[in-house]
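**Student:** Protein chains in written order, with the working numbering: chain S, 1 to 132; chain G, 1001 to 1359.
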Ligand code: SF4
Ligand code: SF4
């Protein structure tokens, strides 16, 4: 049994600067691979729907005919699955988190601007690239 | 003889991080009997297995628990790998071991903080959590997530830890160990902690064994069960001894966790020294057809994942048995006969993780 076991830690703590950061004056600590929020580059999305099918929380909705890609930020659990499966590599996991919200702003909708490249009129069998 | 009264404890209680309800039958200030009831945060995660493809279910398995998430993901992957007869590369097994041990350190530090808070030792609570932050930083840097790592997948792991990062992690462990020694001393020797925990909530060796206690709750009563000794992941190639205390009181359970942090540091060092170069994953071929039980040692005790597949992309059944569930009957035993004021300390001493228990 001992008394004042905590004294050393307690005294050192009062002398040291705070362990927490003065957010937002000082930016939050993130690592290079931190999972923050998913963003899309609409000019490269080929509307294949893989992200929608694989998303474990069903946060993404891709409508091929309307050329829209939408995400419900409150459903997204930031797992990185969609980024991994996207064949066009147009999804990116940013390191910063989405800012917190007090009102559900609805679903974030992005219009896909990808245009399928015109097939060159001749030499058809060679160039079948569908990806931008 | 005085009248018996029933005092409801929880589901919302300042000391409980998560909701569990206990009806405490009191005679004067003494608990005669405790009747637990659970089911406040059932999420139906096991049912989701039929709605998601088996590689994507890892993300859901991982979210069963917000603390030992990595080990949940890993145990699920182990089960599926066994069904599919996948040979996981050695390096992936070592990486799983390293992340498991970091999870253990962070979970134990979290618990130590909460425990100090339950005793009323706020300063120690902050000191523990400050230290835990450095463990979380390592997890974030190597996996991308602080508490939900998402780095395990069927057939291996998603990310590698580069050699120089691993060296730096091991180097940083020396400072971590030094800082942790300071607060470990407080937990093990401080007068006020001993006064609140010694002889409180005693669980005998026999009761711990027969009521199915697992993890630090069992080891605090002298039952030396540590699933890591079964040698899953790379634990078979690492030397360590299960930490066992024999008193069976809250102090013993606390001591087990404090000492396990040191043993985790040692395991990480050994794993980092032995980790081979090579692949980190194999691609699974086909779909799981068959069933399997997979077990692993979580910070709270033995975790069981059961999966059953019928040869399609979707598994047909998943069952998760978490350590808190088996630690509830021992908890009821500990509570009988204790003082009302000791109830929060005793409840916390099993490290209840209710979200995990109810899935
Ligand atoms: S990060 Fe995960 S949860 Fe979020 S949209 Fe992508 S797949 Fe869905
Ligand atoms: S974001 Fe990627 S995965 Fe999703 S529809 Fe577009 S191309 Fe396919």
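Positions of the beta carbon are idealized from the N, C-alpha and C atoms, including for glycine.
Just so we're clear, the structure is a prediction, and the values are computed from it rather than from any experiment.
1) Measuring CA to CA, which of G:1074, G:1006, G:1115 and G:1008 is closest to residue 1103 of chain G?
2) Under 8 angstroms: do the region 1010 to 1023 of chain G and the region 89 to 106 of chain S share three or more Cβ pairs, one atom per stretch?
3) Determine the DSSP secondary structure at residue 1211 of chain G, reduced to helix, strand or coil.
4) So for residue 105 of chain S, helix, strand or coil by DSSP?
5) Give me the Cα-Cα distance between residue 74 of chain S and residue 38 of chain S, rounded to the nearest whole angstrom.
6) Classify residue 1151 of chain G as helix, strand or coil using the three-state DSSP reduction.
7) Taking contact to mean at least 3 C-beta pairs separated by less than 8 angstroms, is the region 1035 to 1046 of chain G in contact with the region 1111 to 1122 of chain G?
8) For residue 957 of chain G, which three-state DSSP category applies?
9) Which chain S residues sit within Cβ distance under 8 angstroms of residue 1249 of chain G?
10) If distances are taken between C-alpha atoms only, which option among S:72, S:111 and S:81 comes closest to residue 146 of chain S?
11) Answer yes or no: the CB of residue 1089 of chain G versus the heavy atoms of ligand 4, is any distance below 7 angstroms?
12) Inspect the CB distances between the region 1204 to 1216 of chain G and the region 1185 to 1196 of chain G and report whether three or more fall short of 8 angstroms.
13) Residue 1106 of chain G by DSSP, collapsed to three states: which one?
14) Considering Cα atoms alone, identify which of G:1045, G:1284, G:1343 and G:1301 is closest to residue 1078 of chain G.
15) For residue 1050 of chain G, which residues in chain S fall below 7 angstroms Cβ to Cβ?
16) So what's residue 131 of chain S in DSSP terms, helix, strand or just coil?
17) Measure how close the beta-carbons of residue 56 of chain S and residue 81 of chain S come, nearest whole angstrom, since I'm counting them as under 8 angstroms.
18) Three Cβ pairs or more, each shorter than 8 angstroms: is that satisfied between the region 1307 to 1323 of chain G and the region 1170 to 1179 of chain G?
19) Can you give me the start and stop residues for the alpha helix (DSSP H) that residue 1333 of chain G sits inside?
20) Along the region 66 to 79 of chain S, where does the CB come closer than 9 angstroms to a CB of chain G? Name the residues.
21) Under 8 angstroms by Cβ, that's how I've got residue 1355 of chain G and residue 1066 of chain G pegged, so tell me the actual separation to the nearest angstrom.
22) In the region 2 to 27 of chain S, which residues sit with their C-beta less than 8 angstroms from some C-beta in chain G, listed in chain order?
23) Cβ-heavy atom distance between residue 60 of chain S and ligand 1 below 7 angstroms?
24) So residue 1152 of chain G and residue 1298 of chain G are supposed to be a Cβ contact under 8 angstroms. How far apart are they, rounded?
25) Classify residue 130 of chain S: buried if its beta carbon has 16 or more other beta carbons within 10 angstroms, exposed otherwise.
26) Using beta carbons (cut-off 8 angstroms, strictly below), is residue 56 of chain S in contact with chain G?
27) Of all the residues that make up the region 1056 to 1072 of chain G, which are near chain S by a beta-carbon distance shorter than 9 angstroms?
28) Helix, strand or coil: how does DSSP classify residue 45 of chain S here?
29) In the DSSP assignment, what residue or residues form a beta bridge with residue 36 of chain S?
30) By the 10 Å Cβ neighbour count, where 16 or more other Cβ atoms means buried, how is residue 1347 of chain G classified, buried or exposed?
31) Can you tell me whether residue 1358 of chain G is buried or exposed? The criterion is at least 16 other CB atoms within 10 Å of its CB, across all chains shown.
32) Where do the ends of the alpha helix (DSSP H) carrying residue 1141 of chain G lie?
**Tutor:** On the basis of the coordinates in this document:
1) G:1074
2) No: the two stretches stay apart, fewer than three of their Cβ pairs being nearer than 8 angstroms.
3) coil
4) coil
5) So the two alpha carbons sit approximately 12 angstroms from each other.
6) coil
7) no
8) This structure leaves residue 957 of chain G out entirely; chain G is present only between 1001 and 1359.
9) Correct list: empty, because the minimum Cβ distance to chain S is about 15 angstroms.
10) Only positions 1 to 132 of chain S appear in this structure, which leaves residue 146 of chain S out of reach.
11) Ligands displayed in this structure: ligand 1 and ligand 2; ligand 4 is not among them.
12) no
13) helix
14) G:1284
15) The premise fails here: residue 1050 of chain G is roughly 13 angstroms from chain S at the closest Cβ pair, so nothing lies under 7 angstroms.
16) Note that residue 131 of chain S scores 49 on pLDDT, short of 50, meaning its location in the model is unreliable; the coordinates nonetheless yield the value given after this. In this structure, residue 131 of chain S counts as coil in the three-state DSSP scheme.
17) 6 angstroms
18) The region 1307 to 1323 of chain G makes no contact with the region 1170 to 1179 of chain G, as fewer than three CB pairs between them are under 8 angstroms.
19) 1323 to 1335
20) Taken in chain order, the members of the region 66 to 79 of chain S whose beta-carbon sits within less than 9 angstroms of a beta-carbon on chain G are 77, 78 and 79.
21) 6 angstroms
22) Listed by position, the residues of the region 2 to 27 of chain S near chain G (Cβ gap below 8 angstroms) are 2, 3, 5, 6, 8, 9, 10, 13 and 19.
23) Annotation for residue 60 of chain S indicates a beta carbon within 7 angstroms of some heavy atom of ligand 1.
24) No, residue 1152 of chain G and residue 1298 of chain G are not in contact; Cβ-Cβ is about 14 angstroms, not under 8 angstroms.
25) For residue 130 of chain S, the predicted model reports a pLDDT of 49, less than 50, meaning its position is unreliable; a value from the coordinates is still stated below. Here residue 130 of chain S is exposed, its C-beta having fewer than 16 other C-beta atoms within 10 Å.
26) yes
27) If the cut-off is 9 angstroms between Cβ atoms, the region 1056 to 1072 of chain G has 1056, 1057, 1058, 1059, 1060, 1062 and 1063 near chain S.
28) coil
29) Answer by DSSP bridge pairing: none, since residue 36 of chain S is not bridged.
30) Result: buried.
31) buried
32) 1122 to 1143
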